[in-house]
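In what follows, a single structure is set out as structure tokens and then discussed.
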């Protein structure tokens, strides 16, 4: 189409040109200077998609959206200003049906005969379909380009992913040659892709070639192998345990099939499993080998197996003698093993000595080239050491010996062997130290047992040694008192009472020790009875002259029975509430000089209890006396009896000074007092802070075990005198810390709780009248 026609080249008034214009398929138009259509042919109506009536005198912008209308306006303005037309400009318009059409336009300025610009003239062509085809082609090309680029990116990502896979991967062709290996393969096996590409990988051990061939046939048949454990060689000749997963995949044509093989190194995993198994066996073998030497022999044998050596040894250092001894050994020849364990050698002339000095493991690949190797061991024992590995046995902050493996059967000792033996050495050192500590504990126990027996003998002996002189003194004192009655009492009575009181204290100590040692055999009683039986006639004859015909032997026998006889206490059924009231009333005369209030709650009906009367009296009297002696004047003590479960609970609670936390731990140990030793003094019974013998509570504890009742204590020390050395004034009104009794009651105190099972008959005490 020639778009350079001008207004002077033809005239619209010429009929021939008008017919030509109406017949052409391209739309011809003419607008005024404002862009309003003043002439157009029928083809323009088809191009615009509007009837003639809706185009005539309409502005061209009415057929476009705002953006395209503005663009068209700018183009026509440029033509008007530059007088230069345009062609092949692509515009979008909207037809009558609202559809977008692509229009190709050309436009030129129209001048009249005077040369004045009167409007615009041009040609319009509908290129919607062509434009859509071109757009579709461009889109298709762009889509194809995007798919190609995406494919390339996916391929690159896949390659990068394979490069970062931590497991070795190989892609084989069906011809068995390698097409690709990832960096993990190179890292594990040593070969690079340049070395192996399109080649067979020489990593199958010779003895596994047949197995590998069968595996390949299985893979081609099944197309997938989930797991297959085998061995493979590295470039430097090491043998690795591996697990293989393989699959056959296709890239399109059947000839393009390939094998993807993923390998995982199991060497370390299997080694750790074997080590754990050995350690487990060693640990579980401990009870089966009570003797340390037998256990170390067993451990040595396990080391020999796992290290694949001819000999394994446990060598201990004797620091005092500065020499080594073999306490554990394993050798195929039992005679050689026996000779090994009999041999000792200097600590400064061997590889073991070097290990002790440096504290580091030592690998000797060739003993003939090792200056520290001591050949005297081989000469004495009768075997040749070719290579060896020795690691230290560490115990806390010192090295106690060496763990040794000698003559590795295959290859040489490597770092893995060092790590395994070091790990086992830690366990062996622990066993050795535990054995040593156990032996020390057993020795200490034997010594303590021996001391306890000696102590019991001493106490028993002293107790019996006290009986005779105390009895003699008491008898002598009685005779002396009768003879001194002729004198004024004020001259001798106070001293005599003091003498009697202290003899009573000594005798009381002896009685308490006797209760504690009740199960021990006494020889004094039997001996005296024997002597009396043999000498009865002589004694009666001698005493008849002095005292008449009365049976002196009977009196002496009765006295011996009282002093030295073994006392068997019979179990009695006792009403505890009534008995406790009687004992408190009986004791009141002994602590009448004290201003201590006893608040008793003994009215409740409770079951009878079964216990010897003399034992219950000692327990009740001891608890009451202990409470009064630890309570200052103007203080109080509560005594409670109540039913609890299937028994009776007896509680003595004093609001006294209490016991320190440290002393509470040892209060039942016997001959232990809860006051500072410097503050101890022997006073009258029931005095505040009276010096006790320290055996009361131990005797009660022994009674509780012997007669099946329970005894517990709770105590808290007076907060105003928290230390053992602090002293209470002995009277609440003298206390600088308490203004009233209640303040003292809440500051400290001790409660002893006894629980007695009900007697079998389960009788109830009668209600008090």
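Residue numbers (my numbering): 35 to 803.
Ideal placement from N, C-alpha and C gives every residue a C-beta, glycine not left out.
Buried or exposed: where does residue 258 fall if 16 or more other Cβ atoms within 10 Å of its Cβ makes it buried?
Here residue 258 is taken as the residue at index 224 of the chain shown, counted from 1. Exposed, by the Cβ-count rule.
Please state whether DSSP places residue 55 in a helix, a strand or coil.
As a first step, residue 55 must be located in the chain shown, where it is residue number 21. Residue state, collapsed to three classes: helix.
Judging by CA-CA distance, which residue of 677, 620 and 604 is the nearest neighbour of residue 611?
Sequence index remark: in the chain shown, residue 611 carries index 577 (1-based). Comparing C-alpha distances from residue 611 to each of 677, 620 and 604 shows the shortest one belongs to 677.
Limits of the alpha helix (DSSP H) - the one that residue 101 falls within
Translated into positions along the chain shown, residue 101 becomes position 67. Note, residue 101: alpha helix (DSSP H), 100–116.
Please report the Cβ distance between residue 14 and residue 78, rounded to the nearest whole angstrom; I am assuming they are in contact, meaning their Cβ atoms lie under 8 Å.
Any property of residue 14 remains undetermined from this structure, which presents the chain solely from 35 to 803.
Nearest-angstrom Cα separation, counted from residue 213 out to residue 15
Residue 15 falls outside the range modelled here, since the chain spans only 35 to 803, and no answer is possible.
Does the structure place the region 215–230 close enough to the region 251–269 that three or more beta carbon pairs sit under 8 Å?
Result yes; three or more Cβ-Cβ pairs closer than 8 Å.
Go ahead and pull the three-state DSSP assignment for residue 583.
Counting from one through the chain shown, the residue named residue 583 turns up at place 549. Because the pLDDT at residue 583 is just 47, under 50, the model does not fix this residue reliably, and the value given afterwards should be weighed accordingly. Three-state result, residue 583: coil.
Which word fits residue 616, buried or exposed, when buried means at least 16 other C-beta atoms lie within 10 angstroms of its C-beta?
Position 582 of the chain shown, counting from 1, holds the residue named residue 616. Exposed.
Using DSSP with H/G/I as helix, E/B as strand and the rest coil, what is residue 670?
Residue 670 sits at position 636 when you count from the first residue of the chain shown. Residue 670: strand per DSSP, three-state reduction.
Mind checking which residues open and close the alpha helix (DSSP H) that includes residue 73?
Taking the chain shown and counting its residues from 1, the one referred to as residue 73 is at position 39. Unbroken run through residue 73 is the beta strand (DSSP E), 71–74; no alpha helix (DSSP H).
Can you name the start and end residues of the alpha helix (DSSP H) that residue 350 belongs to?
Residue mapping note: residue 350 aligns to position 316 of the chain shown, counting from 1. For residue 350, there is no enclosing alpha helix (DSSP H); the enclosing beta strand (DSSP E) has its first and last residue at 343–352.
Taking all protein chains shown into account, decide if residue 513 is buried (16 or more other Cβ within 10 angstroms of its Cβ) or exposed.
Taking the first residue of the chain shown as position 1, residue 513 is located at position 479. Residue 513 comes out exposed.
Which of helix, strand or coil DSSP assigns to residue 93:
Here residue 93 corresponds to residue number 59 of the chain shown, with the count starting at 1. When secondary structure is reduced to three states using DSSP, residue 93 falls in the strand class.
Within 8 Å, do at least three Cβ pairs link the region 84–93 to the region 106–115?
The region 84–93 and the region 106–115 do not touch, with fewer than three beta-carbon pairs separated by less than 8 Å.
Cα-Cα, which of 283, 265 and 284 is closest to residue 277?
Locating residue 277 in the chain shown gives position 243, where the first residue counts as 1. When each option's Cα is compared against that of residue 277, the closest is 265.
Reference residue 809; option with closest CA among 117, 132, 161 and 137:
Coverage of the chain is limited to positions 35 through 803, which leaves residue 809 absent and any answer about it impossible.
Going by the CB atoms, is the gap between residue 722 and residue 764 shorter than 8 Å?
Residue numbering aside, residue 764 sits at position 730 when the chain shown is read from its first letter. Residue numbering aside, residue 722 sits at position 688 when the chain shown is read from its first letter. It is a contact, given that the beta carbons lie within the stated cut-off.
Helix, strand or coil for residue 237 per DSSP?
Counting from one through the chain shown, the residue named residue 237 turns up at place 203. The three-state reading of DSSP puts residue 237 in coil, since its state is none of H, G, I, E or B.
Pick out whichever of 757, 779 and 756 has its Cα sitting closest to the Cα of residue 767.
As a working mapping, residue 767 is identified with position 733 in the chain shown. Comparing Cα-Cα distances from residue 767 to each of 757, 779 and 756, the minimum goes to 779.
Looking only at C-alpha atoms, which of 292, 314, 438 and 634 sits nearest to residue 364?
In the chain shown, residue 364 corresponds to position 330, counting from 1. Looking at the Cα atoms, 438 is the closest of the given residues.
Quick one: grab the DSSP three-state call for residue 471.
Within the chain shown, residue 471 is the residue found at index 437, counting from 1. In the structure shown, residue 471 sits in a helix (DSSP, three-state: H, G or I).
Per the contact definition of three or more C-beta pairs closer than 8 Å, is the region 373–384 in contact with the region 398–405?
In short, these stretches do not touch, since the Cβ pair count stays below three.
By DSSP's criteria, residue 878 is part of a beta bridge. Which residues make up the other side?
With the chain covering 35 to 803 only, the question about residue 878 has no answer from this structure.
To the nearest angstrom, how far is the alpha carbon of residue 668 from that of residue 656?
Here residue 668 refers to the residue found at position 634 of the chain shown. Here residue 656 refers to the residue found at position 622 of the chain shown. Near 21 Å, if we compare the C-alpha coordinates of residue 656 and residue 668.
Looking at C-alpha atoms only, which residue of 409, 770 and 341 is the closest neighbour of residue 452?
Locating residue 452 in the chain shown gives position 418, counting from the first residue. Closest by alpha carbon: 341.
Can you have a look at residue 712 and say buried or exposed, based on whether 16 or more other CB atoms are within 10 angstroms of its CB?
Within the chain shown, numbered from 1, the residue matching residue 712 stands at position 678. Confidence is the limiting factor: at residue 712 the pLDDT is only 42, short of 50, which leaves the residue's position unreliable, though a coordinate-based value still follows. For residue 712, the number of other beta carbons within 10 angstroms of its own is below 16, and it is reported as exposed.
If you count every other CB in all the chains shown that lies within 10 Å of the CB of residue 662, and 16 or more means buried, which is it?
Numbered from its first residue, the chain shown carries residue 662 at position 628. With 16 or more neighbouring CB atoms inside 10 Å of its own CB, residue 662 falls in the buried class.
Determine whether the beta carbon atoms of residue 466 and residue 434 lie at a separation below 8 Å.
As a first step, residue 466 must be located in the chain shown, where it is residue number 432. As a first step, residue 434 must be located in the chain shown, where it is residue number 400. Taking 8 Å as the cut-off, the beta carbon of residue 466 is found closer than this to the beta carbon of residue 434.
Need the endpoints of the beta strand (DSSP E) that residue 123 sits in, please.
As a first step, residue 123 is located in the chain shown; it is residue number 89 there, counting from the start. From DSSP, the beta strand (DSSP E) with residue 123 extends over 120–128.
Starting from the C-beta of residue 45, find all residues in its chain whose C-beta is less than 6 Å away, skip the five residues before and the five after it, and write them out in chain order.
By one-based count along the chain shown, residue 45 stands at place 11. Low per-residue confidence applies at residue 45: pLDDT is 46, beneath 50, and the placement is therefore not dependable, though the value from the model is reported in the following sentence. Once the five neighbours on either side are set aside, residue 45 has no close Cβ partner at all.
Using C-beta distances below 6 Å, list every residue in its chain close to residue 632, excluding the 5 sequence neighbours before and after it, in chain order.
Within the chain shown, numbered from 1, the residue matching residue 632 stands at position 598. Closer than 6 Å at the Cβ level, and outside the excluded window around residue 632, lie 671.
Decide if residue 635 is buried, meaning its Cβ has at least 16 other Cβ atoms within 10 Å, or exposed.
The sequence position of residue 635 within the chain shown is 601, counting from 1. With fewer than 16 Cβ atoms within 10 Å of its Cβ, residue 635 is classed as exposed.
Helix, strand or coil at residue 556 [DSSP, three-state]:
Position 522 of the chain shown, counted from the start, is the residue given in the question as residue 556. In this prediction, residue 556 has a pLDDT of 45, which is less than 50 and means its spatial position is unreliable; what the coordinates show is noted afterwards. It is coil, neither helix nor strand.
For residue 794, is the classification buried or exposed, using 16 other Cβ atoms within 10 angstroms of its Cβ as the cut-off for buried?
Counting from 1 along the chain shown, the entry for residue 794 is found at position 760. The Cβ neighbour count for residue 794, taken over all protein chains shown within 10 Å, is under 16; the residue is labelled exposed.
Cβ-based burial, residue 749 [other Cβ within 10 Å; buried from 16]
Against the chain shown, residue 749 aligns to sequence position 715. So residue 749 counts as buried.
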